[in-house]
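To start, the structure under review is shown below, and the notes come after it.
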Amino acid sequence: MPIRYITRSQGWRKQVNKEPVYLNVDSSSDSYEFVDGSLYKPHMPLGCADSSSDNDKGKKLATGDKDKSDELKTPLDSEDDADPAVNPIFNDATMFRHVRLELSMEFTTRDAFKKRVRNYTLQEGMSVRYKKNDTTGCKVVCKNEDCPWMVFCSYNKWNGCWQIKTFNDDHTCERTFKNRCATKSWVTDILVKKVRKLPTFRHCEIFNYF
(Lines of atoms letter the chains of each structure in order from A and count residues from 1; the text may use other names and numbers.)
(Lines give C-alpha, C1' and ligand atoms only; values in the text may rest on other atoms or scores of the structure.)
Protein backbone atom coordinates (compact mmCIF):
# COMPACT_ATOMS: atom_id res chain seq x y z
CA MET A 1 0.00 0.00 0.00
CA PRO A 2 1.55 3.33 -0.96
CA ILE A 3 2.21 5.88 1.79
CA ARG A 4 1.63 9.65 1.33
CA TYR A 5 2.79 12.35 3.74
CA ILE A 6 0.61 15.32 4.74
CA THR A 7 2.19 18.47 6.13
CA ARG A 8 0.47 20.04 9.17
CA SER A 9 1.36 23.23 11.09
CA GLN A 10 1.25 23.42 14.88
CA GLY A 11 1.11 26.70 16.73
CA TRP A 12 2.89 29.88 15.91
CA ARG A 13 6.17 28.20 15.34
CA LYS A 14 4.77 26.46 12.30
CA GLN A 15 6.56 23.29 13.11
CA VAL A 16 6.15 20.83 10.39
CA ASN A 17 5.50 17.25 11.26
CA LYS A 18 5.23 14.57 8.77
CA GLU A 19 2.77 11.90 9.64
CA PRO A 20 2.14 8.99 7.38
CA VAL A 21 -1.34 8.76 6.01
CA TYR A 22 -2.49 5.57 4.48
CA LEU A 23 -4.77 5.80 1.46
CA ASN A 24 -6.99 2.99 0.38
CA VAL A 25 -6.51 2.48 -3.33
CA ASP A 26 -8.85 -0.42 -3.60
CA SER A 27 -10.40 -0.87 -7.05
CA SER A 28 -13.84 -0.24 -5.58
CA SER A 29 -12.83 3.25 -4.40
CA ASP A 30 -11.39 4.13 -7.79
CA SER A 31 -14.51 2.96 -9.63
CA TYR A 32 -15.35 6.58 -10.39
CA GLU A 33 -12.65 6.56 -13.02
CA PHE A 34 -14.66 4.07 -15.09
CA VAL A 35 -18.06 5.75 -14.74
CA ASP A 36 -19.44 7.62 -17.72
CA GLY A 37 -18.26 11.21 -17.64
CA SER A 38 -21.74 12.45 -18.36
CA LEU A 39 -22.66 11.98 -14.73
CA TYR A 40 -20.18 14.65 -13.80
CA LYS A 41 -21.31 17.23 -16.30
CA PRO A 42 -22.64 20.38 -14.68
CA HIS A 43 -26.42 20.32 -14.38
CA MET A 44 -28.51 23.25 -15.52
CA PRO A 45 -31.13 24.62 -13.16
CA LEU A 46 -34.62 23.28 -13.68
CA GLY A 47 -36.00 26.60 -14.89
CA CYS A 48 -33.27 27.28 -17.47
CA ALA A 49 -34.19 24.64 -20.03
CA ASP A 50 -37.87 25.44 -19.82
CA SER A 51 -37.23 29.15 -20.05
CA SER A 52 -35.08 28.75 -23.15
CA SER A 53 -37.70 26.61 -24.87
CA ASP A 54 -40.40 29.03 -23.80
CA ASN A 55 -38.38 31.91 -25.21
CA ASP A 56 -38.02 30.10 -28.52
CA LYS A 57 -41.74 29.43 -28.58
CA GLY A 58 -42.44 33.02 -27.69
CA LYS A 59 -40.24 34.21 -30.53
CA LYS A 60 -42.05 31.91 -32.97
CA LEU A 61 -45.44 33.06 -31.75
CA ALA A 62 -44.40 36.68 -31.93
CA THR A 63 -43.14 36.17 -35.48
CA GLY A 64 -46.36 34.41 -36.45
CA ASP A 65 -48.48 37.18 -34.95
CA LYS A 66 -46.42 39.78 -36.78
CA ASP A 67 -46.89 37.96 -40.07
CA LYS A 68 -50.65 37.77 -39.48
CA SER A 69 -50.83 41.42 -38.57
CA ASP A 70 -48.91 42.29 -41.73
CA GLU A 71 -51.37 40.26 -43.77
CA LEU A 72 -54.32 42.02 -42.17
CA LYS A 73 -52.84 45.46 -42.67
CA THR A 74 -51.82 44.81 -46.27
CA PRO A 75 -54.27 46.67 -48.56
CA LEU A 76 -56.04 44.75 -51.27
CA ASP A 77 -54.81 45.09 -54.81
CA SER A 78 -56.95 46.79 -57.38
CA GLU A 79 -57.54 43.40 -59.01
CA ASP A 80 -59.17 42.09 -55.82
CA ASP A 81 -61.59 44.99 -55.58
CA ALA A 82 -65.13 44.33 -56.61
CA ASP A 83 -66.19 45.55 -60.02
CA PRO A 84 -68.11 48.81 -59.92
CA ALA A 85 -71.88 48.52 -60.24
CA VAL A 86 -73.18 48.80 -63.80
CA ASN A 87 -76.30 50.89 -64.34
CA PRO A 88 -79.25 49.04 -65.92
CA ILE A 89 -79.82 49.96 -69.56
CA PHE A 90 -83.20 50.28 -71.25
CA ASN A 91 -84.00 47.35 -73.54
CA ASP A 92 -86.67 48.05 -76.13
CA ALA A 93 -87.08 44.33 -76.83
CA THR A 94 -88.50 43.63 -73.37
CA MET A 95 -91.82 41.85 -73.69
CA PHE A 96 -94.98 43.24 -72.15
CA ARG A 97 -95.67 41.93 -68.62
CA HIS A 98 -91.89 41.94 -68.02
CA VAL A 99 -91.34 45.70 -68.15
CA ARG A 100 -89.48 47.21 -65.20
CA LEU A 101 -88.32 50.62 -64.03
CA GLU A 102 -85.18 50.89 -61.93
CA LEU A 103 -83.24 53.66 -60.30
CA SER A 104 -80.26 54.82 -62.44
CA MET A 105 -81.67 53.11 -65.54
CA GLU A 106 -80.29 54.73 -68.70
CA PHE A 107 -82.18 55.67 -71.87
CA THR A 108 -80.86 56.86 -75.20
CA THR A 109 -83.54 59.56 -75.58
CA ARG A 110 -86.35 61.18 -73.63
CA ASP A 111 -88.93 59.52 -75.89
CA ALA A 112 -87.48 56.13 -74.99
CA PHE A 113 -88.06 56.92 -71.33
CA LYS A 114 -91.64 58.06 -71.95
CA LYS A 115 -92.35 54.87 -73.91
CA ARG A 116 -90.98 52.78 -71.10
CA VAL A 117 -93.11 54.60 -68.51
CA ARG A 118 -96.24 54.11 -70.62
CA ASN A 119 -95.64 50.37 -70.96
CA TYR A 120 -94.92 50.04 -67.26
CA THR A 121 -97.99 51.97 -66.09
CA LEU A 122 -100.29 50.08 -68.48
CA GLN A 123 -98.79 46.81 -67.33
CA GLU A 124 -99.40 47.68 -63.66
CA GLY A 125 -102.83 49.27 -64.25
CA MET A 126 -101.82 52.78 -63.17
CA SER A 127 -103.17 56.18 -64.20
CA VAL A 128 -100.38 58.77 -64.33
CA ARG A 129 -99.74 62.27 -65.59
CA TYR A 130 -96.68 64.32 -66.57
CA LYS A 131 -95.83 66.95 -64.00
CA LYS A 132 -92.75 68.06 -65.95
CA ASN A 133 -91.83 67.36 -69.54
CA ASP A 134 -89.11 69.47 -71.18
CA THR A 135 -85.58 69.22 -72.53
CA THR A 136 -84.01 69.22 -69.05
CA GLY A 137 -86.12 66.59 -67.32
CA CYS A 138 -89.27 64.52 -67.26
CA LYS A 139 -91.32 63.85 -64.12
CA VAL A 140 -94.28 61.46 -63.99
CA VAL A 141 -96.61 61.14 -60.97
CA CYS A 142 -99.79 59.28 -60.12
CA LYS A 143 -103.04 61.10 -60.87
CA ASN A 144 -104.08 60.56 -57.28
CA GLU A 145 -102.32 63.29 -55.31
CA ASP A 146 -102.33 61.14 -52.17
CA CYS A 147 -100.33 58.40 -53.89
CA PRO A 148 -96.52 58.75 -53.47
CA TRP A 149 -95.63 56.98 -56.73
CA MET A 150 -93.25 59.10 -58.83
CA VAL A 151 -90.42 58.76 -61.33
CA PHE A 152 -88.07 61.51 -62.50
CA CYS A 153 -85.61 61.28 -65.38
CA SER A 154 -83.12 63.90 -66.56
CA TYR A 155 -80.24 64.21 -68.98
CA ASN A 156 -76.84 63.08 -67.71
CA LYS A 157 -74.16 65.07 -69.51
CA TRP A 158 -71.37 62.81 -68.21
CA ASN A 159 -72.85 59.67 -69.75
CA GLY A 160 -74.56 61.43 -72.66
CA CYS A 161 -77.91 59.76 -71.95
CA TRP A 162 -81.15 60.14 -70.01
CA GLN A 163 -81.13 58.54 -66.60
CA ILE A 164 -83.70 57.92 -63.84
CA LYS A 165 -82.59 60.03 -60.88
CA THR A 166 -85.59 59.51 -58.55
CA PHE A 167 -87.99 56.59 -58.37
CA ASN A 168 -90.65 55.81 -55.76
CA ASP A 169 -92.45 52.59 -56.67
CA ASP A 170 -94.86 52.71 -53.74
CA HIS A 171 -98.23 52.73 -55.51
CA THR A 172 -101.20 52.75 -53.10
CA CYS A 173 -104.05 53.13 -55.59
CA GLU A 174 -106.27 50.35 -56.91
CA ARG A 175 -105.61 48.85 -60.29
CA THR A 176 -107.50 50.52 -63.13
CA PHE A 177 -108.59 48.85 -66.38
CA LYS A 178 -109.25 52.08 -68.31
CA ASN A 179 -106.29 54.07 -69.49
CA ARG A 180 -106.10 56.66 -72.25
CA CYS A 181 -102.46 55.78 -72.86
CA ALA A 182 -103.57 52.50 -74.45
CA THR A 183 -103.99 54.01 -77.91
CA LYS A 184 -104.50 52.11 -81.17
CA SER A 185 -100.90 52.61 -82.18
CA TRP A 186 -99.71 51.27 -78.84
CA VAL A 187 -101.95 48.18 -79.06
CA THR A 188 -100.80 47.54 -82.61
CA ASP A 189 -97.15 47.87 -81.66
CA ILE A 190 -97.56 45.40 -78.80
CA LEU A 191 -99.61 42.89 -80.79
CA VAL A 192 -97.27 42.93 -83.78
CA LYS A 193 -94.42 41.69 -81.61
CA LYS A 194 -96.65 39.02 -80.09
CA VAL A 195 -98.03 37.81 -83.41
CA ARG A 196 -94.57 37.63 -84.94
CA LYS A 197 -93.44 35.48 -82.05
CA LEU A 198 -96.62 33.34 -82.01
CA PRO A 199 -98.24 33.24 -85.47
CA THR A 200 -101.11 31.08 -84.12
CA PHE A 201 -102.10 33.78 -81.60
CA ARG A 202 -105.92 34.05 -81.72
CA HIS A 203 -108.04 37.15 -81.22
CA CYS A 204 -109.82 35.61 -78.22
CA GLU A 205 -106.49 35.47 -76.38
CA ILE A 206 -105.82 39.19 -76.75
CA PHE A 207 -107.77 40.16 -73.65
CA ASN A 208 -105.93 37.60 -71.51
CA TYR A 209 -102.62 38.81 -72.89
CA PHE A 210 -103.19 42.31 -71.56
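Note that UniProt numbering has the sequence shown beginning at 1, numbered continuously upward.
By construction, the Cβ of each residue, glycine as well, lies at the ideal position given by its N, Cα and C atoms.
If you reduce the DSSP assignment to three classes, tell me which class residue i lands in.
i, result
"Thr172", "coil"
"Phe107", "strand"
"Arg129", "strand"
"Thr94", "coil"
"Arg197", "Inspection of the sequence shows that residue 197 is occupied by Lys rather than by Arg. Helix, per DSSP."
"Ser178", "Note on identity: in this sequence residue 178 is Lys, with Ser being the wrong assignment. Coil, per DSSP."
"Thr121", "helix"
"Thr183", "coil"
Near residue i, which residues of its chain fall below 6 Å by C-beta distance, leaving aside the five closest residues on each side in sequence?
i, result
"Ser154", "Gly137, Lys165"
"Ser162", "Note that residue 162 corresponds to Trp in the displayed sequence, not to Ser. Only Phe107, Arg110, Phe113, Cys153, Tyr155 meet the Cβ criterion."
"Arg118", "Cys181"
"Arg129", "Lys143"
"Pro148", "Asn168, Asp170"
"Thr121", "Val128"
"Lys132", "Lys139"
Tell me which residue opens and which closes the beta strand (DSSP E) that residue i is part of.
i, result
"Lys139", "137-142"
"Val151", "150-156"
Note down, in chain order, each residue of its chain lying with its Cβ closer than 8 Å to the Cβ of residue i, except the 5 sequence neighbours on either side.
i, result
"Glu205", "none"
Within its chain, find whatever has a CB closer than 7 Å to the CB of residue i; leave out the 5 residues flanking it on each side and keep chain order.
i, result
"Ser185", "none"
"Asn144", "Cys173"
"Arg175", "Gly125"
Any heavy atom of the ligand SAM inside 7 Å of the beta-carbon of residue i?
i, result
"Leu198", "This structure simply doesn't include the ligand SAM, nor any ligand for that matter."
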